[in-house]
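Chains as they are written, first to last, in the numbering used here: chain A, 721 to 803; chain B, 31 to 260.
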């Protein structure tokens, strides 16, 4: 079966996020008040051809850890892309 | 004669600067394309600056999977000298040959300027011809140069005397003002500043010679900061 999956990669808590901080600083100038704790990240979407969802998710988790994220500074979360 | 291999990835752009600097200090230099897997005969390796594999995903993330990197890891494990400069440092951290990671600069600007670094340890192959506390003017040229690691790793780096150069004035948000680190044995070193671009006082600074001559083991040349002085 073809399983659409999404991997969200974000900086781990406590790791400085200059991109998120810059966005947060810009918000008041655009009239957005009360928005805090902005963290930037990236999303990867792909499809995995596997016997079932569990094995597709396992493949996605492995490639997320080995390539898509740097575990030293980033967390990767795998979720279904069709739900 | 010391034989140095300069590893070239698609997107490397400082390999000729590195080769020129090493040759000026007496080394025999060969370029090593990233698909090579045989590093026999080299006394040391340099991973130069640039944008290996376009820096796509993260700097060094794809270069880590280049065929040559398994050979580089074996070379390092056998005690061989390995030096990663700028992008080369990023590749070494992604490959797990050095701890931590290089993050986007605080302020999100690409920084290209001379910086002063202070030698913090002389037990690495790069800093062994320098003295602790010595100030060296070496240019930086990067967007992702802020050194980052967890507390445990940082404590281990400090306890093991593995932080080899620190910025006098932190330009990029690097943790602990770290400009360069070594592995536990001191044979693998990475730094963000470019010593190969500090080879002559006529061009701003000759302080890079102290580091690169040390790396080559050419101690007699470490004190000579100008071409004319050699």
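Cβ coordinates follow ideal geometry from the N, Cα and C atoms, glycine included. No experiment lies behind these values; they were computed from the predicted model shown.
Minimum Cβ-Cβ distance from residue i to chain B less than 8 Å
| i | result |
| --- | --- |
| residue 792 (chain A) | yes |
| residue 779 (chain A) | no |
| residue 738 (chain A) | yes |
| residue 744 (chain A) | no |
| residue 722 (chain A) | no |
Element boundaries [alpha helix (DSSP H), containing residue i]
| i | result |
| --- | --- |
| residue 744 (chain A) | 738 to 746 |
| residue 152 (chain B) | Run containing residue 152 (chain B): none; DSSP gives neither H nor E here. |
Chain A contact for residue i (CB, 8 Å cutoff)
| i | result |
| --- | --- |
| residue 133 (chain B) | yes |
| residue 244 (chain B) | no |
| residue 84 (chain B) | no |
| residue 35 (chain B) | no |
| residue 130 (chain B) | yes |
| residue 259 (chain B) | Confidence in residue 259 (chain B) is poor, its pLDDT being 44 and thus under 50, which makes the residue's placement unreliable; the coordinate value appears in the next sentence. Not an interface residue. |
Burial state of residue i (16 or more Cβ within 10 Å)
| i | result |
| --- | --- |
| residue 50 (chain B) | exposed |
| residue 259 (chain B) | Unreliable placement is indicated for residue 259 (chain B), whose pLDDT of 44 sits below 50; no coordinate value is reported for it. |
| residue 192 (chain B) | buried |
| residue 64 (chain B) | buried |
| residue 36 (chain B) | buried |
| residue 232 (chain B) | exposed |
| residue 757 (chain A) | exposed |
| residue 229 (chain B) | buried |
Residues that residue i contacts on chain A, provided the C-beta gap is smaller than 8 Å
| i | result |
| --- | --- |
| residue 124 (chain B) | 790 |
| residue 26 (chain B) | Nothing about residue 26 (chain B) can be reported from this structure: the residues present for chain B run from 31 to 260 only. |
Segment limits, beta strand (DSSP E) that includes residue i
| i | result |
| --- | --- |
| residue 117 (chain B) | Per DSSP, residue 117 (chain B) belongs to no beta strand (DSSP E); it is in the alpha helix (DSSP H), 117 to 124. |
| residue 188 (chain B) | Careful: residue 188 (chain B) lies outside any beta strand (DSSP E), inside the alpha helix (DSSP H) at 181 to 189. |
The ligand ADP heavy atom lying under 7 Å from the CB of residue i
| i | result |
| --- | --- |
| residue 189 (chain B) | Among the components modelled here there is no ligand, and therefore nothing to report on the ligand ADP. |
Residue i: contacting residues in chain C (beta-carbon distance under 8 Å)
| i | result |
| --- | --- |
| residue 138 (chain B) | In the displayed structure, chain C is absent; the protein chains listed are A and B. |
Listed by chain order, chain A residues near residue i by CB distance under 7 Å
| i | result |
| --- | --- |
| residue 88 (chain B) | 790 |
Near-chain A residues of the stretch 152 to 183 of chain B (beta-carbon distance less than 7 Å), N- to C-terminal order: 178 and 179
Residues, ordered as in the chain, of the stretch 191 to 203 of chain B that lie near chain A by beta-carbon distance below 8 Å: Within the stretch 191 to 203 of chain B, the residues whose Cβ lies closer than 8 Å to any Cβ of chain A are, in chain order, 203.
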